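Everything in the sequence shown is counted per the numbering used here, starting at 113 for the first residue and increasing by one.
Even glycine gets a Cβ: it sits at the ideal position worked out from N, Cα and C.
Computed from a predicted model, the values in this text were never measured in an experiment.
The structure under discussion appears below in the form of structure tokens.
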Amino acid sequence: MVRVLILSGFLGSGKTSLILRLGKHFAERLGKRSVIVVNEIGEVGVDGDYLRKLGMNSYEITDGCICCTLRRDLESTLSEVISTFSPDYVLIEPTGIAFPSAIRKVVKKFGLDALVIGVADAKRFLKLYGEAREFIERQLREVEVVAVNKVDEVKSRAELGVLVEMIRQISPNAKIVFTSAKTGEGFDEILKSLDHNVGFEARDDLGDSTREAGASWYSSSFLIKLKKPVAAVGLRNLIVELMEELRDLSGDIQHYKMLLSSQNGVLKLGLTGKDESVSLDGSLAGWVAEAKLNVLLIDKTLNPEQLEKTFINLLNRKSEEFGFEFECASHEHGEKEHEEVDN
């Protein structure tokens, strides 16, 4: 029987890092085959490409949300994954604005149950809860396990205690575990939680999560050609600077992420707030003459045109300073919605 795990959670909570740990554990420790299904709201993928570069079996569904507009895409992808790979585990990473109940409803069509793990960012939870209370409460009510992630970034254990009490009030039957997908802290507790019973039914009044989230996004893919090969560390520093300057010009950051890849490695960059530092995963080595840059910017106050203009202006300036040319391979953006949703 195929085990299906859905890792939900708000934008930037660390779902991809946790899924990567799970996939590696299943393969290296248990000898089990797993396939990861990643959903990106933009047309250009970041997380799916990153996982593939690291050797994981990964399918990507882009340009919408699998809990509402792309449910049929999820059905066809699951059918292909199960028939092609006969996996022991299917790990589903929806967008950060998805409702897991809707995804479970699709999984049930295959005669399967799905355990839902809600990933919460320990450092940003209180801030996000204050900004999007109803949205986050609905996400947490639809999980069996809450993985309070990034505990290594929280200075006060008392703050974690406050988080636990809040989560218990929202989702009293959920199992709560502390973890850090980055350091591996608490990962054994995550593994133990996989035996937790499936505890909620898929809802029929699913709504449209992209409308309820009220965010805009811009996604694009670029080919970067350097006038002469440069050390990978120099290119890495350039993209970090680009992300930092973008942060200073941003509106209300929900999640900005980029994927820089070349024949010498892959580097994923993330940003979850104006007061946050740029996170780095992966590595680049050697010398680089050509690279691909995938970009996804999700913001609550800047509209898609503003996001695009801000990013392109910065990229143009950096190309002049650093000496490279770039061409856009693909781009797409989406407007935030403010319509009421009937539930």
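- Annotation: I288 is outside any alpha helix (DSSP H); the continuous beta strand (DSSP E) that includes it extends over K287 to F290.
- Within its own chain, the residues whose Cβ lies closer than 6 angstroms to the Cβ of V263, once the five positions on either side in sequence are excluded, are A234, F290 and S292, listed in chain order.
- The Cβ neighbour count for S305, taken over all protein chains shown within 10 Å, is at least 16; the residue is labelled buried.
- Of the candidates V390, Y368, N376 and E388, Y368 places its Cα closest to the Cα of K412.
- Taking 3 residues as the shortest admissible run, the stretch 197-261 contains the following complete beta strand (DSSP E) segments, listed from N- to C-terminal end: 201-205, 226-233 and 257-261.
- Each residue's CA atom was taken as its position, placing N428 and T384 some 24 angstroms apart.
- The straight-line gap separating the alpha-carbon atoms of V218 and E357 is approximately 41 angstroms.
- Boundaries of the beta strand (DSSP E) harbouring A343: S328 to A343, taken from the DSSP string.
- If only complete runs of 4 or more residues are kept, the stretch 114-141 shows the alpha helix (DSSP H) at 127-140, in order along the chain.
- One thing to note: S333 has its Cβ within 7 angstroms of the Cβ of S442.
- In the three-state scheme derived from DSSP, where H, G and I count as helix and E and B as strand, G160 is classed as helix.
- Excluding the 5 residues flanking it on each side, L163 has same chain C-beta neighbours closer than 8 angstroms at T128, I131, L132, G135, I148, V150 and S170, in chain order.
- Looking at the backbone, the Cα of A226 and that of A343 are separated by about 45 angstroms.
- Sequence-distant Cβ neighbours of L392 in its own chain, meaning closer than 7 angstroms and more than five residues away, are L379 and L381.
- Relative to P341, the option among A403, I351, D364 and L372 whose CA is nearest is A403.
- DSSP places A270 within a helical segment (H, G or I) once states are collapsed to three.
- C-alpha of N261 to C-alpha of V231: approximately 6 angstroms in a straight line.
- Within the same chain, and ignoring the five residues on either side of P199 in sequence, the residues whose Cβ sits closer than 7 angstroms to its Cβ are V114, R145, S146, V147 and V193.
- When secondary structure is reduced to three states using DSSP, L419 falls in the helix class.
- Of all alpha-carbon atoms in I204, V257, G208 and S331, the one lying nearest the alpha-carbon of V116 is that of I204.
- Here E172 is near G157, since their CB atoms are less than 7 angstroms apart.
- I148 is bridged by DSSP to S170 and L203.
- Counting the other CB atoms within 10 Å of its CB gives E254 a total of 16 or more, which places it among the buried residues.
- Residue environment: N406 is assigned as buried (16 or more neighbouring CB atoms within 10 Å of its CB, all protein chains considered).
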